[in-house]
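One structure is given here, and the rest of the page talks about it.
In mature numbering (1 follows the signal peptide of the UniProt record, and there is no 0), the protein residues as written are -20 to -1, 1 to 269.
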């Protein structure tokens, strides 16, 4: 229940940086490449399970990358195929197993997207490249990823993933960042082959980009996005750390409290910067709407 609560809270965080997409063309398919940081949970982290006569040492963290293909049916729904590799590092006190192991998942998923937010349940199989753990060669896998596009091609996400092997289930939570490439053209019609109604035409304002006010608004805007770019990842990492602490009781509360507090303060600092940017930008209009 704690995991569900934190995931819902995580989903609500990026709403201030949503950007409207519903009436814009969108890629029919895309491929994304990203990096992932994973935090093992429960018995997987503490090493409280055995398989045959192999003692599991427990693992501190995992680092890896992902590659995902997404086929979009319309602006809200799509199907995905994802693979990658995550290297799990054993605890420093481990003596039975050294060097950790590598997990290579192959998963299919269904993506639900609203504006810049998305949720994606996934199911598949994970192959374990280093056969020195009780997980043996592989395991069925399922999980959930939620995230947001913070820019046109860049996404931030958090995920929960679980393996089932020999009656023992291991799980982790993770955070990731990815860059998406459009593979084909843009949709101009939806999945029902109905033409989209274009939005009413509005003349765009003309700005005096040589004025000091224009330079000032750009400076404030840059400071605002820097605050968002630093604060949001800190907040996401704080949430992930809080979930891990709730599961394992091995992370000091001060750690995630500092991450959450710092992330909230830095992200909130972007608000006055964006307000000032908008104020100075309005001063540069030389042709009204």
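C-beta: ideal position from N, C-alpha, C; glycine also.
Cα separation between residue 235 and residue 243?
12 Å
Do residue 121 and residue 104 count as a contact pair if the criterion is CB distance below 8 Å?
yes
Here's the rule I'm using: 16 or more other beta-carbon atoms within 10 Å means buried, otherwise exposed. How should residue 10 be labelled?
By the neighbour-count rule (16 or more Cβ atoms within 10 Å), residue 10 is buried.
Complete runs of the alpha helix (DSSP H) confined to the stretch 117 to 153 [at least 4 residues]:
none
For the 8 Å Cβ check, are there 3 or more pairs between the stretch 190 to 205 and the stretch 41 to 58?
no
In its own chain, which residues sit with a C-beta less than 6 Å from the C-beta of residue 261, not counting the 5 before and 5 after it?
When the five nearest sequence neighbours on each side are left out, the beta carbons in the same chain lying within less than 6 Å of the beta carbon of residue 261 are those of 197, in order along the chain.
Let's test the definition: count the other Cβ atoms within 10 Å of the Cβ of residue 21 and tell me whether it reaches 16, buried, or not, exposed.
buried
Return the bridge partner residues of residue 87 from the DSSP annotation.
62, 104
In three-state DSSP terms, what is residue 82?
strand
How is the beta strand (DSSP E) around residue 185 delimited, first residue to last?
Unbroken run through residue 185: none, as it is neither H nor E.
Taking 8 Å as the threshold, find out whether the stretch 184 to 193 comes into contact with the stretch 123 to 132 through three or more Cβ pairs.
no
Please work out which residues of its chain come closer than 7 Å, Cβ to Cβ, to residue 127, disregarding the five sequence neighbours upstream and downstream, and give them in chain order.
98, 135, 136, 137, 138
Assuming residue 45 and residue 91 make a contact with CB atoms under 8 Å, what is their CB distance in whole Å?
In fact, because the Cβ distance is near 19 Å, the residues do not count as touching under 8 Å.
Assigned secondary structure, residue 234 (DSSP; H/G/I helix, E/B strand, else coil):
helix
So, with DSSP's three-state summary, where would you put residue 16?
DSSP places residue 16 in strand when its eight states are reduced to three.
Which of the three DSSP states, helix, strand or coil, is assigned to residue 96?
In this structure, residue 96 counts as coil in the three-state DSSP scheme.
In the DSSP output, which residue or residues are listed as bridge partners for residue 199?
Answer is none; residue 199 lacks a bridge partner.
Which of the three DSSP states is assigned to residue 72 in this structure?
coil
Given a threshold of 16 other Cβ atoms within 10 Å of its Cβ, counted over all protein chains shown, does residue 349 qualify as buried or as exposed?
Because the chain is modelled from -20 through 269, residue 349 falls outside the range shown and cannot be assessed.
Given a cut-off of 8 Å on the beta-carbon distance, is the pair residue 108 and residue 117 in contact?
yes
To which residues does DSSP link residue 48 through a beta bridge?
Answer by DSSP bridge pairing, in chain order: 12, 62.
For residue 156, three-class secondary structure by DSSP
If DSSP states are grouped into helix, strand and coil, residue 156 belongs with the strands.
From residue 221 to residue 57, what distance separates their C-alpha atoms?
Taking the straight line joining both Cα atoms gives about 30 Å.
What's the C-alpha gap between residue 253 and residue 195?
The straight-line gap from Cα to Cα measures roughly 14 Å.
Can you say whether residue 141 is buried or exposed, counting buried as having 16 or more other CB atoms within 10 angstroms of its CB?
buried
With DSSP as the reference, label residue 191 as helix, strand or coil.
coil
Residues near residue 263 in its chain [Cβ-Cβ closer than 6 Å; skip 5 each side]
193
Contact under 8 Å by Cβ, residue 67 with residue 42
yes
Please report the straight-line C-alpha distance between residue 87 and residue 245, rounded to a whole angstrom.
37 Å
Quick check on the burial criterion: 16 or more other C-beta atoms within 10 angstroms. Buried or exposed for residue 13?
exposed
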